[in-house]
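So the sequences go chain by chain: A and B.
Here the first sequence is numbered in our numbering, starting from 1 and rising by one per residue.
Here the second sequence is numbered in our numbering, starting from 1 and rising by one per residue.
Glycine is no exception: its CB is placed at the ideal position from the N, C-alpha and C atoms.
Comments concern the structure below.
Number of protein chains: 2
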Amino acid sequence: MPGRRGMRSSGWGGKFRGCGYRMTVPRQSIMDVLSVTNKHLSAEDIYMEVHKIYSNVGLTTVYRTLELLTQMGLVVKFDFGDGRARYELIEGSKSGHHHHLVCTGCKRSIEYTDFINEETEFLERAEKELSKKYKFDIKNHIIQFYGLCDKCREKK
Amino acid sequence: MPGRRGMRSSGWGGKFRGCGYRMTVPRQSIMDVLSVTNKHLSAEDIYMEVHKIYSNVGLTTVYRTLELLTQMGLVVKFDFGDGRARYELIEGSKSGHHHHLVCTGCKRSIEYTDFINEETEFLERAEKELSKKYKFDIKNHIIQFYGLCDKCREKK
DNA sequence: TTGATAATGGAAACCATTTTCAATAAGAAG
DNA sequence: CTTCTTATTGAAAATGGTTTCCATTATCAA
Chain A
1 MPGRRGMRSS GWGGKFRGCG YRMTVPRQSI MDVLSVTNKH LSAEDIYMEV HKIYSNVGLT
61 TVYRTLELLT QMGLVVKFDF GDGRARYELI EGSKSGHHHH LVCTGCKRSI EYTDFINEET
121 EFLERAEKEL SKKYKFDIKN HIIQFYGLCD KCREKK
Chain B
1 MPGRRGMRSS GWGGKFRGCG YRMTVPRQSI MDVLSVTNKH LSAEDIYMEV HKIYSNVGLT
61 TVYRTLELLT QMGLVVKFDF GDGRARYELI EGSKSGHHHH LVCTGCKRSI EYTDFINEET
121 EFLERAEKEL SKKYKFDIKN HIIQFYGLCD KCREKK
């Protein structure tokens, strides 16, 4: 019976400690929120979600953890132009790899999963070569298409 | 001898008027700055540049114009994570179509033009199909790779 | 030239994100 | 289990890029 007692669910702790960081209650609960959702949440969204369970976790910590996760390459930070950043766990259990269509009018975004296979092939090669050429340790990527959604188009 | 008298250089005026907007001195000067540069400038960068010639153009107007240009699909707005947005004229005379490698450590970005041809083929098809499927009027796109640059990697 | 109204600029307001700092808790060592 | 070092945290205050307000000015169709 491996790992009784502590048994703090998922193995994120190891990941953190492996990078020289500590696993804490706030961090664990933020990971929980991120791995359960299937949408891109803002820092405040996450804060409110975490708050339901641990009402003493502060918004500041949420921001700090999100920054840390981004550095570690576990999370991607998106900017859809509405003034607040969104975060997604890479390969976030739920919705698989995807990209976004962003409306420059209402700033809403649509997630799409089309072409992912063709993309992957192309992106993997690009990633490999760019890493070498520019001495970059590439952790992840984003592709976003900008334009006007159905509703915003007819408004104008 | 077509268009004497006014002869205000480039044909941006028509583009603006065609969309129901007016061509003004601030707008013209912002377009001038954008079409001459070959790097992604922040609103303030543009403001300072414009200010050299027209010291009475306000920062507010720069923001407003940039937003307008983004809506019109003439400009792309980038977020490299350093807290200020960057703007680039599409097909901005100088550097051609390109994408960015963004360092999550120092927030600096590297512009690359590799793979653009292969990309284009793929993206055009994606753009066409996504437009139809999601009823989106796609104006442009971005691709960004995130990771750590050479310097930031050895720091940690 | 004129008039309707789009566009502007400066100052004030916004508000997401960051910084500060004293208090707390993770985890290695004993 | 207790101790000790120090990473982490939370609350409040500060920051600073971007927006909003509004009286004034300028564009351009008629």
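{"Asked": "Reference serine 29(B), options Lys39(B), Cys19(B) and Trp12(B), closest by Cα", "Found": "Trp12(B)"}
{"Asked": "Alpha-carbon spacing of threonine 104(A) relative to histidine 40(A), whole angstroms", "Found": "17 Å"}
{"Asked": "Proximal chain B residues relative to threonine 65(A), where beta-carbon distance stays under 7 Å", "Found": "Neighbours of threonine 65(A) on chain B: none; closest Cβ ~15 Å, over 7 Å."}
{"Asked": "Beta-carbon gap between isoleucine 196(A) and tyrosine 146(B) smaller than 9 Å", "Found": "No information on residue 196(A) is available, as it lies outside the stretch 1 to 156 that chain A covers here."}
{"Asked": "Assigned secondary structure, histidine 98(A) (DSSP; H/G/I helix, E/B strand, else coil)", "Found": "coil"}
{"Asked": "Chain B within 9 Å of glutamate 129(A), Cβ atoms only", "Found": "yes"}
{"Asked": "Where lysine 77(A) sits in the DSSP three-state scheme", "Found": "strand"}
{"Asked": "Own chain, CB closer than 8 Å to phenylalanine 136(A), minus 5 neighbours either side, in chain order", "Found": "Leu130"}
{"Asked": "Residues that leucine 34(A) contacts on chain B, provided the C-beta gap is smaller than 8 Å", "Found": "The contacting residues do not exist; leucine 34(A) stays about 17 Å from chain B at best."}
{"Asked": "Outcome for serine 55(B) when other beta-carbon atoms lying within 10 angstroms are tallied against a minimum of 16", "Found": "exposed"}
{"Asked": "Residues that glutamate 91(B) contacts on chain A, provided the C-beta gap is smaller than 8 Å", "Found": "The contacting residues do not exist; glutamate 91(B) stays about 15 Å from chain A at best."}
{"Asked": "Arginine 86(A) (DSSP reduced to helix, strand or coil)", "Found": "strand"}
{"Asked": "CB of lysine 77(B) within 9 Å of CB of arginine 86(B), strictly", "Found": "yes"}
{"Asked": "Where isoleucine 158(B) falls, given that 16 or more other Cβ within 10 Å makes a residue buried", "Found": "In the structure as shown, chain B begins at 1 and stops at 156. Residue 158(B) is therefore absent and cannot be evaluated."}
{"Asked": "Neighbour flag for isoleucine 166(A) against chain B, beta carbons, 9 Å", "Found": "For residue 166(A) there is no data in the structure shown, the boundaries of chain A being 1 and 156."}
{"Asked": "Cα-Cα separation, valine 184(A) to glycine 20(A)", "Found": "Examination of residue 184(A) is not possible in this model, given that chain A is present from 1 through 156 alone."}
{"Asked": "CB of arginine 125(A) within 9 Å of CB of phenylalanine 80(A), strictly", "Found": "no"}
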